[in-house]
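Visitor: Here you go, one structure.
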Amino acid sequence: MSLTETLSKRPLRALRLPRWLTGEAALMLALVLFVGVLSIAPLARLAWAALVPQGQFDASRIADILGGRRVVGATLNTIWISVAATCLATVAGTLAALLTTLTDMRARTLWVFGFVLPLMIPPQVTALAWVQAFSPSSPVLGALGLSLPPGTRHPLYSMGGIIFLLGLYNAPLVFLSVRASLQRLPASLVEAAHSNGAGRGAVIRDIILPLIRGGVFAGAALAFVSSIGNFGIQAMLGIPARVETLITMIYRRLNSYGPSALNDMALLALLLAVLTVIGMTLTAWLGRKGDQRVDSAHRAPRMTLGPWQWPVGLAAWGYLLVCLALPLSALFAAALVRGYGQPLNAETITFENFANALFHHKGIREAFVTSFWITCTTVAVLIPVAVALGYVLTWRRGWVAKLLRLASELAYALPGIIIGVAMILFFLRPLPFIGTGLYGTVWVILAAYFSNFLALALRPILGGYAQIDRALDEAAQLAGAGIFTRLRTIILPSVAPAATAAGILVFMTAINEIQTSVLLVSSRAQTIGPMIIFLEEAGSSTLAAAVGCLMVLLVLALMGLSLVFGRRLPEGVLPWRD
């Protein structure tokens, strides 16, 4: 009997995968491949290109590049701007948190919404709004007779202007961190201090501030990372002012020299990453030093402002008037005139810029469509991945889980332009099986979004896992349910509110993103985030203002929608909810 006849007479058996490819092992393998290919491998390729571009370590090359006069100057500018902006953000954010959390300030919820709103507006839109508001041809201040004289140098086109705007932009990050610490403040200590005759100032200075030190420095770390990697503000203000930083140097040199400058720019990106890690490590150490942890069953009572209610309220709302309403109103006014610098009146008002942005400008329309479908795809992929990864990080231990957490957090913490350089290096060469590179296509932008926003999607979901009873999963496992069945039928319904909040945050952040995509866009793949800078550089200021207004309206619509369904979402996952 032949071998064929023998095999044909044997009963057919179902194809079975090896045990190591089923269940949790398959899930772990899929997560390791996802995070490894999209986060670890690109960053490793960046480090390799920076340190051993020709296959061997060349200390003299590194010294020549990093010791160059322009690089040293850009590095010092980066450090000074980031540190100074962090200090400003820390002061403003801490004061705002103390005011809204510890006092009986009126209309507190609405004020918190306005204070946090700039954090959700793309930084390039914020910079454009401030430039329009305080230019000599300001449509708002000009109408009030308060604009600068014609020919005056714009005050924001300077190092001080960059520091000022970065500080205000990042103050909500510190506010959110400090407010979280204040909400855990032990009521017993505050009440005991008041019973012993301590005044409000003494209580804040001697009890409250020492107890929230960890929150203050955690917020400062977030502000520092945001400041050092904020391309939108540094580019919009720094390039015209000729204040060069590492992030603008990488952008301009890559635009000028293309892929031939990648290895040198990888070294600058690695330097930027080192500065970021040093700043985060230092603030974390300062936050732990002398930190005292206490538990409290209830919050401390709010302090009454009494006769200071009106002065404090006027100062708080005046801050929002100057820092939010004035720039945004100037942006909208600039979008409603035909030419830059024209006063807004019945003769000059037009909606032509909005019509061009929405219907007639092909580049803007295609950029918005591209951004929309990339963002939707990012949300659709990252939320299931984050649910699965949250399961591993919450209920599994071991070095693999720790590596997955570190890799996802690192890709989000590093400035986006570093991820952009890493993606160019990793996807520039032809890939296996497809025989071509992805650089210059929309797919490399999508890969960068997967890498950059995984940690953002993960954070609310981890909070959802903290509210799940592990016994449900263990009971299903004992009943024979596999990991994917348990994720679909038990875990996902339980973390659905947190997953919804994660989807909202990822969508709002990715739809107008610029930090990562500014180096990855091309004539074949444009996104809406960098479009404002491109339009401004081309001299189309009114059209850029119209695009910025549309971005702001989209952000407001999404934030308003989240507030409608906010009661169904976990507390604390949406930063603009008080």
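Everything in the sequence shown is counted per this note's numbering, starting at 442 for the first residue and increasing by one.
Every residue gets a Cβ at the ideal spot worked out from N, C-alpha and C, and that includes glycine.
Being a predicted model, the structure only gives us computed values, none of them experimental.
1) If you follow the alpha helix (DSSP H) that Val-862 is in, where does it begin and where does it stop?
2) Rounded to whole angstroms, what is the Cα-Cα separation between Ile-674 and Asn-611?
3) Could you check where the alpha helix (DSSP H) with Arg-806 kicks off and where it finishes?
4) CA-CA distance, Gly-857 and Ser-964?
5) How would you label Ala-548, buried or exposed, when you count the other beta carbons within 10 angstroms and need 16 or more for buried?
6) Tell me the residue span of the alpha helix (DSSP H) that contains Gly-601.
7) Mind checking whether Ala-757 and Leu-551 have CB atoms under 8 Å apart?
8) Quickly, what does DSSP pair Ile-790 with across the bridge? List them, please.
9) Along the chain, where does the alpha helix (DSSP H) that runs through Trp-840 open and close?
10) Alpha carbon to alpha carbon, how far is Leu-727 from Phe-658? Give it in angstroms, no decimals.
11) Return the CA-CA distance between Ala-889 and Gly-754, expressed in angstroms with no decimal places.
12) With a 10 Å radius around its C-beta and 16 neighbouring C-beta atoms as the bar for buried, classify Ala-738 as buried or exposed.
13) For the candidate residues Ala-951, Leu-703, Phe-792 and Gly-656, whose alpha-carbon lies nearest to that of Arg-625?
14) Nearest by alpha-carbon distance to Glu-788: which of Val-778, Tyr-692, Asn-794 and Phe-795 is it?
15) Considering only DSSP beta bridges, list what Thr-544 is partnered with.
16) Confirm, please, whether the CB-CB distance from Ile-902 to Val-936 is below 8 Å.
17) Going by DSSP, what residue range makes up the alpha helix (DSSP H) through Gln-918?
18) Only counting the same chain, and skipping five residues up and downstream in sequence, which positions put a Cβ closer than 8 Å to that of Met-721?
19) Would the stretch 801-814 and the stretch 601-610 be scored as touching if the rule is three or more Cβ pairs under 8 Å?
20) Contact check, Gly-1023 vs Ala-940 under 8 Å by CB: the rounded distance?
21) When the Cα atoms are used, what is the spatial distance from Gly-496 to Trp-489?
22) Pull up the distance between the alpha-carbon of Glu-410 and that of Leu-960, whole angstroms please.
23) Mind reading off the beta-carbon distance from Gly-970 to Ser-982? Whole number of angstroms is fine, and I expect it under 8 Å.
24) How would you label Ile-481, buried or exposed, when you count the other beta carbons within 10 angstroms and need 16 or more for buried?
25) I need the DSSP call for Ala-584, collapsed to helix, strand or coil.
26) Rounded C-beta distance between Ile-1038 and Phe-672? I'm assuming under 8 Å.
27) Residues bridged to Ser-963 by DSSP?
28) Find out if the Cβ-Cβ distance for the pair Met-706, Arg-693 is shorter than 8 Å.
29) Please report how far the alpha carbon of Ala-987 lies from the alpha carbon of Gly-780, in whole angstroms.
30) In or out: Glu-685 buried (at least 16 other Cβ within 10 Å) or exposed?
31) Given this structure, state the Cα-to-Cα distance separating Ala-537 from Trp-749, to the nearest angstrom.
32) Excluding the five sequence neighbours on either side, which residues of its own chain have a C-beta within less than 7 Å of the C-beta of Ala-829, listed in chain order?
33) Taking buried to mean at least 16 other C-beta atoms within 10 Å of its own C-beta, is Ala-819 buried or exposed?
34) Would you say the stretch 509-522 touches the stretch 578-598, given that touching needs at least three Cβ pairs under 8 Å?
35) May I ask you to report which of helix, strand or coil DSSP gives Tyr-880?
36) Excluding the 5 residues flanking Ala-771 on each side, which residues of the same chain have their C-beta closer than 7 Å to its C-beta?
Guide: So, to answer that:
1) 857-869
2) 11 Å
3) 803-836
4) 21 Å
5) exposed
6) 600-623
7) no
8) Val-778
9) 840-854
10) 7 Å
11) 43 Å
12) Low confidence applies to Ala-738: its pLDDT is 45, below 50, so where it sits in the model is not reliable enough to give any reading.
13) Gly-656
14) Val-778
15) Met-744
16) yes
17) 911-919
18) Ala-662, Phe-665, Val-666 and Ala-854
19) no
20) Examination of residue 1023 is not possible in this model, given that the chain is present from 442 through 1019 alone.
21) 8 Å
22) In this structure the chain extends from 442 to 1019, so residue 410 is not present and cannot be described.
23) So it is not a contact: roughly 18 Å between Cβ atoms.
24) buried
25) coil
26) Residue coverage of the chain in this structure runs from 442 to 1019, which leaves residue 1038 outside it and unanswerable.
27) Ala-966
28) no
29) 12 Å
30) buried
31) 16 Å
32) Leu-468, Leu-472 and Leu-928
33) It is worth fixing the name first, because residue 819 is Thr in this sequence and not Ala. It is buried - the Cβ of Thr-819 has at least 16 other Cβ atoms within 10 Å.
34) no
35) coil
36) Ala-570, Gln-573, Ala-574, Ser-579, Pro-580 and Val-581
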